[in-house]
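Novice: In my numbering, the protein residues as written are 14 to 179. Here it is: the structure, laid out below.
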């Protein structure tokens with residue numbers, strides 16, 4: 014009888030350890046799921062902000078176009094320009110626009126392609142504008158290019174769609 018009692022105590026201890034292990038595994042799975050959800054929510058928020066900053070950048074380029082079409086049409090083609098929070102096109106520094114003030118974790122750059130065949134045909138080719146907003150987060154691999162996420166916004170401008178002042 015004494016032997017049976019010892020086996021029962023050992024079995025109860027084993028059951029307690031097993032139940033404790035299972036509960037730790039379940040809690041760990043819940044924590045991992047919540048952490049993944051928070052990370053995805055942050056990424057979605059950053060992507061939404063990047064879209065907003067790209068639209069704002071396009072509006073800045075449109076304003077530059079509206080204020081002086083001649084200078085706008087003479088801008089260098091296929092060259093990157095940096096666009097900081099001051100909403101002025103600055104020369105690209107070759108470092109993903111890191112040397113200008115960025116908008117939080119985001120960098121913005123613009124490319125102008127004059128006389129783009131994607132923006133008309135014949136003598137009415139327009140200027141293709143590409144706004145690229147980039148950012149990095151913990152999901153980015155460690156490489157030379159720290160910005161692994163991008164949002165591109167492309168539009169075509171011409172002097173035909175300028176607003177006429179009365």
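For each residue, glycine too, the CB sits at the ideal point set by N, CA and C. What you are looking at is a predicted structure, and each value in this text was computed from that prediction instead of being measured.
With a Cβ-Cβ cutoff of 8 Å, do residue 119 and residue 99 count as a contact?
Specialist: Position 106 of the chain shown, counting from 1, holds the residue named residue 119. Position 86 of the chain shown, counting from 1, holds the residue named residue 99. In this structure, residue 119 lies away from residue 99, with their beta-carbon atoms at least 8 Å apart.
Novice: Does the Cβ of residue 140 have 16 or more other Cβ atoms within 10 Å, making it buried, or fewer, making it exposed?
Specialist: As a working mapping, residue 140 is identified with position 127 in the chain shown. The residue is buried, with at least 16 neighbouring Cβ atoms inside 10 Å.
Novice: Is there contact here, the stretch 122-129 with the stretch 54-63, by at least three beta-carbon pairs under 8 Å?
Specialist: no
Novice: Which first and last residues belong to the alpha helix (DSSP H) in which residue 129 is found?
Specialist: By one-based count along the chain shown, residue 129 stands at place 116. First-last for residue 129: 119-129, but that is the beta strand (DSSP E), not the alpha helix (DSSP H).
Novice: What separation, rounded to the nearest whole angstrom, lies between the Cα atoms of residue 49 and residue 155?
Specialist: By one-based count along the chain shown, residue 49 stands at place 36. By one-based count along the chain shown, residue 155 stands at place 142. C-alpha separation (whole angstroms): 20 Å.
Novice: How many Å lie between residue 28 and residue 34 at the Cα?
Specialist: By 1-based counting over the chain shown, the position of residue 28 is 15. By 1-based counting over the chain shown, the position of residue 34 is 21. Straight-line Cα distance between these residues: approximately 10 Å.
Novice: Restricting to runs no shorter than 3 residues, where is the beta strand (DSSP E) found entirely within the stretch 137-164?
Specialist: 139-148
Novice: Might you give, ordered along the chain, the residues of its own chain that have their beta carbon closer than 8 Å to the beta carbon of residue 179, omitting 5 neighbours on each side?
Specialist: The sequence position of residue 179 within the chain shown is 166, counting from 1. Note that residue 179 has pLDDT 49, beneath the 50 cutoff, so the model's placement of it is unreliable and the number below is only indicative. There are no such residues.
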